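Just below is one structure, and these are the notes that go with it.
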Amino acid sequence: MSIVTDATTYDCRQAFADELIRLAEADERIVAVCNDSVGSSNLVGFRERFPHRLINVGIAEQDLVGVGAGLANGGKIPFVSAAAPFLTGRALEQIKADAAYSNTHVVLCGQSPGMAYGELGPTHHSIEDLSWMRAVADLPVVVPADPEQTRAAVRWAAANPGPSYLRIPRFKVPAVTPPDAPFGPGIANTLTDGDDVTVIAVGTLVSRALAAAERLRAEGIGVRVINMPFVDPLDVDVVLAAARETRGIVTAEEATVSGGLGAAVASLVVAESPVRMRILGVPGVFAPTGSAEFLLEHFGLTTDGIVAAARELLGHGLHS
Amino acid sequence: MLVADPPLAAEYRDLRVRLADATVQEKVAELQKISLAVRRSVVEMIATAKLGHIGGDFSVTDILVTCFAGVLNLDPTRPLREDRDRFVLSKGHCAASLYSTLAYCGFFPRSELATFMAPLSALNGHPNRVKVPGVETNSGPLGHGFPVATGAALAAKLDGASWRTVVVLGDGEMQEGSNWEAAMTASHYELANLTAIVDRNRLQQGARTEDTKSLEPFGDKWRSFGWELREVDGHDHAALLQALEPSTTGKPVAIVAHTIKGKGVSFMEDRVEWHHKVPSPEQVRAALEELR
Ligand SMILES: Cc1ncc(C[n+]2csc(CCOP(=O)(O)OP(=O)(O)O)c2C)c(N)n1
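Each protein sequence line maps, in turn, to chains A and B.
With full-length UniProt numbering applied, the first sequence covers 1 to 320.
With full-length UniProt numbering applied, the second sequence covers 1 to 292.
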């Protein structure tokens, strides 16, 4: 299989906005709900097209999610959208009780996740959201890696009758999704074949994983790169095959290592098919001040970081 | 952690001593001078960082300067002195004007302001208590500062201590329910040692407050929650000084400070896009010209 990424980058925020408007044209149950974030939730176009279907509850995230759940109860399909740290953190209990436990069709859209708001500091970084959202039962957690997958996530969430959390990337990213790639809960995309080591990545880290694979292939190391847009529920078969068929798994996510993708993969393989792992993410600290790119470098969430982790894994593997 | 700038701290102490005996007019003249300097440095910080919330920085500047230079009992050389007054900037996105005010009051060297939001700087985009002296609690997510300030005021009351607590909130921020929870706690416990100042500039991030989720009748809301209400022009230092006098009713005091977002730079005033727009080099020049 060839590596599908190229140098061109695409805007996931635009993909989110376009797809939402397209769906709303066809289904008038779709409404957007936001918290004084029409601009930052990419809802300006939606508001122009459907002024009465954009509900702005102001700066009030608990209200935001509760109102979303009520709209769903009233037969609407609300896309509830806010900066990811405040949506998930501030309204965690509403997400648990009103969206997930009540099984309402609320689509939670966490905008600008990870360390996209680098300089604004840890209050504005959304690195805990994957752990928090994974911990809530009956709440699929979706991390699209490119515009194609962002559109697929919006379509899937609109059609799926229960709640879901979509993590909408802020920055432009290369296209990584092959044409006709299937999309749904428990379905991963295997982007490259390889028998030496597996890299499982999500979101911003997927293109970096592909670049790392290319670098390692030049050294004769075969890397299996898996994009896992559903952090919950995971693609169990793909993970267990990787655990059996390769000598180690590196996971990479723009999130804390406490409880996100890496933890999900680790708790699966440790029960079924233990294998060496390296979990790349933010190592249980609050980030220093700096831009998003600076912070990704700072925490080794880079092509170099993935290459180093894979080499280290294989090195240890050789001596064990 | 940054440390006090000794000459500036001394200057600040002198200023406080001088102001204690000064006429209101003399006081106001000093505060105006500092406000102007703070606004100028905010322009430079935001232009350098290419990020920031200039509109809200400018609407709150006169409030910050009145509090720090004119009212609060603080010692920049001992920022954690137990008997200090507590000040909480709940609208933490306006860190630039808080940092600048703190620097002008000697809490750390003014030269540090140039590092605003730069990699590894202590001056993060939102106030950080661990790194910046003078910051009592981290803020940035709206709706956090008021409950923390209420707790501080409650601690003082429990100890019979005489220090006071002041919290500054955005008006858009008042849409967060946590603030009204704190307002009820404070009046229930009769926290006359707590003052909440709302920067009522009538704009929030995306639009006017009254077009987003209306707050009016705003003063009545405070009164009905058990607060003593004072309404002032939030750019009038003399009026702010008076409004910051202790409670006369035994109730906590809410100051609704009527302000203008972007105050001081004509092309930014009352314009929603300057919530977090970054001025171009020409706009920086024009702004600094107006702030002379
Ligand atoms: C909990 C939370 N939700 C959303 C935001 C994003 N945000 C930052 S500033 C702002 C507008 C604040 O308006 P206001 O309180 O009126 O402040 P000011 O106009 O004085 O800048 C918003 C929505 C945030 N920082 N925290």
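Yeah, the Cβ is synthetic: ideal placement off N, Cα and C, and Gly gets one too.
Fair warning: this is a prediction, and the values are worked out from it, not measured in the lab.
For residue i, decide whether its Cβ has a neighbour in chain B, counting only Cβ atoms nearer than 8 Å.
i	result
E119 of chain A	yes
T302 of chain A	no
F171 of chain A	no
I3 of chain A	Here I3 of chain A scores only 49 on pLDDT, less than 50, and its place in the model should not be relied on; the value that follows carries that caveat. False, the Cβ-Cβ gap to chain B never drops below 8 Å.
T88 of chain A	no
T256 of chain A	no
N56 of chain A	yes
H319 of chain A	Note on H319 of chain A: pLDDT 41, under 50, position unreliable in the model; no value is reported.
Q62 of chain A	yes
D98 of chain A	no
I279 of chain A	no
I59 of chain A	yes
Using a threshold of 7 Å, is the CB atom of residue i nearer than that to any non-hydrogen atom of ligand 1?
i	result
Q205 of chain B	yes
G66 of chain A	no
G219 of chain B	no
R271 of chain B	no
G56 of chain B	yes
C67 of chain B	no
C94 of chain B	yes
N179 of chain B	no
A84 of chain A	no
residue 294 of chain B	For residue 294 of chain B there is no data in the structure shown, the boundaries of chain B being 1 and 292.
R247 of chain A	no
K50 of chain B	no
E93 of chain A	no
With which residues is residue i paired in a DSSP beta bridge?
i	result
D199 of chain B	B:G170, B:A257
D232 of chain A	A:V141
E228 of chain B	B:V253
D233 of chain B	B:H258
residue 366 of chain A	The question about residue 366 of chain A has no answer here: the residues shown for chain A are numbered 1 through 320.
V250 of chain A	A:V199, A:R278
P78 of chain A	A:V31
V223 of chain A	A:V197
Q111 of chain A	A:A83, A:I168
V173 of chain A	A:Y10
N189 of chain A	A:N227
I55 of chain A	A:V33
F87 of chain B	B:V166
T256 of chain A	A:V282
L194 of chain B	B:T165
R208 of chain B	B:L203
S126 of chain A	A:G114
Please report whether the beta-carbon of residue i lies at a distance below 8 Å from any beta-carbon of chain A.
i	result
P119 of chain B	yes
N201 of chain B	no
G125 of chain B	yes
L154 of chain B	no
Q175 of chain B	yes
Q283 of chain B	no
P147 of chain B	no
N138 of chain B	yes
Q205 of chain B	yes
P217 of chain B	no
R51 of chain B	The residue asked about is misnamed: residue 51 of chain B is Leu in this sequence, not Arg. Taking Cβ atoms only, chain A reaches closer than 8 Å to L51 of chain B, which makes this a yes.
residue 299 of chain B	Any property of residue 299 of chain B remains undetermined from this structure, which presents chain B solely from 1 to 292.
K213 of chain B	yes
V168 of chain B	no
Restricting to Cα atoms, I'd like to know which of the options is closest to residue i.
i	options	result
residue 300 of chain B	B:S121, B:L80, B:V60	What the structure shows of chain B is the stretch from 1 to 292, and residue 300 of chain B is not part of that stretch, so it cannot be assessed.
T303 of chain A	A:P274, A:T8, A:V206, A:M228	A:V206
C12 of chain A	A:P169, A:I55, A:D98	A:P169
T259 of chain B	B:V253, B:A286, B:T249, B:R271	B:R271
I255 of chain B	B:E273, B:G264, B:K221, B:F267	B:K221
F116 of chain B	A:F230, A:A82, A:T289	A:T289
Q94 of chain A	A:V136, A:E119, A:G114, A:G121	A:V136
K76 of chain A	A:H52, A:R276, A:A84	A:H52
S37 of chain A	A:I59, A:R29, A:L20, A:R22	A:I59
F79 of chain A	A:R278, A:A212, A:I30, A:I279	A:I30
V223 of chain A	A:L314, A:A82, A:D193	A:D193
V197 of chain A	A:R217, A:P179, A:G121	A:R217
Is residue i a contact residue of ligand 3, with contact defined as CB to any heavy atom under 7 Å?
i	result
G106 of chain B	As for ligand 3, it is missing from this structure, which binds only ligand 1.
Counting beta carbon pairs with one atom in the segment 92-102 of chain B and one in the segment 174-191 of chain B, are three or more of them shorter than 8 Å? They do not touch, by the three-pair rule.
Would you call the segment 62-81 of chain A and the segment 222-230 of chain B touching, i.e. three or more CB-CB distances under 8 Å? Fewer than three beta-carbon pairs drawn from the segment 62-81 of chain A and the segment 222-230 of chain B are found closer than 8 Å, and the two stretches are therefore not classed as touching.
Decide if the segment 154-170 of chain A is in contact with the segment 276-286 of chain A; the criterion is three or more beta carbon pairs, one per stretch, under 8 Å apart. Flag = no, the segment 154-170 of chain A and the segment 276-286 of chain A do not touch.
Below 8 Å, how does it come out for the segment 24-41 of chain B and the segment 228-241 of chain B: are there three or more Cβ pairs, yes or no? With the cut-off at 8 Å, the segment 24-41 of chain B and the segment 228-241 of chain B touch.
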